[in-house]
Each structure stands twice: as structure tokens, then as C-alpha cells.
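Reviewing the structure listed below.
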Amino acid sequence: MFTIRFLPSGRSIDVSSPISVLEAARLARVQIESTCGGKQKCGKCKVVIRNSMPNILPPSAPEKNLLGPDLVAKGYRLACATMATDNLTVFV
6 MFTIRFLPSG RSIDVSSPIS VLEAARLARV QIESTCGGKQ KCGKCKVVIR
56 NSMPNILPPS APEKNLLGPD LVAKGYRLAC ATMATDNLTV FV
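Next comes the structure, spelled out in C-alpha cells:
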């Protein structure tokens with residue numbers, strides 16, 4: 006069991022298996038824009054991962070293309086492409 010916490014709302018959700026940050030946000034009733042339905046095409050679901058970076062896989066090529074190197078370097082990720090497998094704090 007691990008916890009995904011969303012800021013600035015302070016909402017969190019406990020999950021027991023890997024889940025995308027976008028799906029976790031939906032379950033926690035945290036609104037994250039995603040016009041493509043989570044298919045890594047629109048780039049609208051940008052979030053910042055505040056901790057546990059070693060616990061998530063690095064950005065995929067499509068994710069890097071949508072975000073660009075500057076945002077990736079600042080910790081931005083696409084919520085639809087980021088799989089949570091351990092405790093995370095996510096700034097929306």
C-alpha cells in the first residue's frame with residue numbers, strides 16, 4: 006500500500022498496485038486536464054513530482070517531446086504517462 010498526495014488541494018489516495026498519476030487523481034477527485042483521454046497526445050496533464058523521483062521510470066520519448074527538455078529538467082511529467090509505484094507527492 007502506498008499514498009499519492011496531491012497539492013495544493015491536500016487530497017490523497019491510498020493504492021495497492023501501480024497506477025497512473027492521472028487515474029489516481031481521478032479516483033482522489035483531483036481535476037487534471039487531459040483532452041486526449043490519457044493517451045500521451047495532448048500534453049495538457051502536466052504535473053510536478055515533488056518527491057520519489059527514483060521510484061518512477063524516466064520520461065518516455067513521446068512524453069519528452071510533449072514537455073520539452075526544460076520542463077523535464079524541472080521535474081514536470083505527464084500525469085497520464087507517470088506510473089506511481091510508491092509514495093508520491095504531486096503538484097497539480
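For my numbering, add 5 to where a residue sits in the sequence shown, where the first one is 1. Cβ atoms here follow ideal geometry from the backbone N, Cα and C, with glycine treated the same way.
Would residue i pass as a contact of residue j if the rule is Cβ separation under 9 Å?
i     : j     : result
Ser14 : Leu27 : no
Arg95 : Arg10 : The residue you asked about is not Arg; residue 95 is Val in the sequence shown. Cβ distance < 9 Å, so Val95 and Arg10 count as in contact.
Ser25 : Met6  : no
Asn60 : Leu12 : no
Ile37 : Ala84 : yes
Leu62 : Met88 : yes
Applying the criterion that 16 or more other CB atoms from any shown protein chain within 10 Å of the CB defines a buried residue, is residue i buried or exposed?
i     : result
Arg55 : exposed
Arg34 : exposed
Ala5  : No statement about residue 5 is possible, as the shown extent of the chain runs from 6 to 97 and does not include it.
Ala86 : buried
So which of the options has the shortest CA-CA distance to residue i?
i     : options             : result
Gly73 : Leu93, Ile18, Gly48 : Gly48
Lys51 : Leu76, Gly42, Pro63 : Leu76
Going by the DSSP bridge assignment, what does residue i pair with across the sheet?
i     : result
Met6  : Its beta-bridge partners do not exist; DSSP assigns none.
Ala89 : Ile24
Ser17 : Arg10
Lys51 : Leu83
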